[in-house]
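Engineer:
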Amino acid sequence: VHNNMFTQSKADSHRFRSQASPLCWTLENVLEWISDNIEGTNFDARSLNLAYCALDGPSLCKMSQNDMIGVFGPQLGPHLHQSLLKHKAKTNAPETIHRKHTDILSTYYFAVLTLTTPFRRPTDLVIADILAPRGTHLWEFIRDILIYPEKNHGLLKWEDRREGVFKFLKSEAVAQMWGQKKKNSSMTYEKLSRAMRYYYKRDILERVDGRRLVYKFGKNASGWKLNELPSVM
DNA sequence: TAAGACTTTCCTGGTT
DNA sequence: TAACCAGGAAAGTCTT
């Protein structure tokens, strides 16, 4: 399951999404589905609050039409709700099977978010830019975990969101994730932190004296500030 | 192929 | 004592 998840192609993902119950969808599948639905309307994707699109299949299925209108607006909300109902009817299968699959998927839910290759069609560029990794550098990897605190499984937390101060809560777990991304199973926090310290010279990070596991984004780090994130509806 | 940027690995020594 | 921090040195990887 692990390897398959990380190597799932765009075509595989589309096939899985079209055949599986929405209950089994990953976050990526939900994003693709939203993207496909936007393509069929005149909806301006730039006005979408992408932070609210970070849903997996089970979360999506719990939403009523009013919930969807609240999140996606009066134009796209009902459209998505109808589309979901149709897809649910089409893929009506025993939920127990889906549940088992969903539990496995959810274990790797965040890893998929951070490690899969972004899909790149014109209409989902914005979604991919915010929810897929935007770079291969360590500080970007850290930043992308921090941008979605509700999805980071307690790995990192903001100490001061406005100032860009953050803290490692599970240092070794973050190091292992970084190692996984770089295909290096021997990565440790000790090594990761050495790379972090090199960022001080380049003003990507600033020192936070006297605070263990605490770092601060510097003037050359971009994409972490609230006003740098895509617009809210 | 070379050069440079970036990261990894190892290390010593200091601090919490 | 363990975990973390600071930073030098050298080597590895990747991109241009």
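Take the first sequence: its position 163, counted from the start at 1, is 163 in the UniProt record's numbering, and no numbers get skipped. For glycine and all other residues, C-beta sits at the position ideal for the given N, C-alpha and C.
Report yes or no: do the segment 164 to 180 and the segment 190 to 197 share at least 3 C-beta pairs separated by less than 8 Å?
Structural biologist: Counting Cβ pairs under 8 Å, three or more are found: they touch.
Engineer: Hey, quick one: how far does the alpha helix (DSSP H) through residue 192 stretch, first residue to last?
Structural biologist: That run of the alpha helix (DSSP H) goes 189 to 201.
Engineer: Please report the straight-line C-alpha distance between residue 184 and residue 79, rounded to a whole angstrom.
Structural biologist: Looking at the two C-alpha atoms, the distance is approximately 44 Å.
Engineer: Taking 8 Å as the cut-off, does the segment 175 to 182 touch the segment 202 to 209 (at least 3 CB pairs, one atom from each stretch)?
Structural biologist: Result no; under three Cβ-Cβ pairs closer than 8 Å.
Engineer: Assign residue 18 to one of two classes, buried (16 or more other C-beta atoms within 10 Å of its C-beta) or exposed (fewer than that).
Structural biologist: Exposed is the call here.
Engineer: Count the other CB atoms, across all protein chains shown, that sit within 10 Å of the CB of residue 215; report buried if there are 16 or more and exposed otherwise.
Structural biologist: The residue in question, residue 215, is buried, as its Cβ has 16 or more Cβ neighbours within 10 Å.
Engineer: Anyone know if the C-beta pair for residue 152 and residue 142 falls short of 8 Å?
Structural biologist: No, the pair does not count as a contact, with Cβ atoms beyond the cut-off.
Engineer: Using the Cα positions of residue 85 and residue 63, report the straight-line distance between them to the nearest angstrom.
Structural biologist: Roughly 11 Å between the two C-alpha positions.
Engineer: Buried or exposed: where does residue 163 fall if 16 or more other Cβ atoms within 10 Å of its Cβ makes it buried?
Structural biologist: Result: exposed.
Engineer: With a CB to CB cut of under 6 Å and the five nearest residues on each side skipped, what residues in its chain are close to residue 175?
Structural biologist: 187, 188, 189, 192, listed in sequence order.
Engineer: Buried or exposed: residue 22, going by 16 or more other Cβ atoms within 10 Å of its Cβ?
Structural biologist: The residue is buried, with at least 16 neighbouring Cβ atoms inside 10 Å.
Engineer: If contacts are defined as beta-carbon pairs under 8 Å, then residue 81 and residue 65 qualify, I think. What distance do you get, rounded to the angstrom?
Structural biologist: Going by Cβ atoms, the distance from residue 81 to residue 65 rounds to 4 Å, so yes, they are a contact pair.
Engineer: Going by C-alpha distance, which of 227, 155, 140 is nearest residue 221?
Structural biologist: The option with the nearest alpha carbon to residue 221 is 140.
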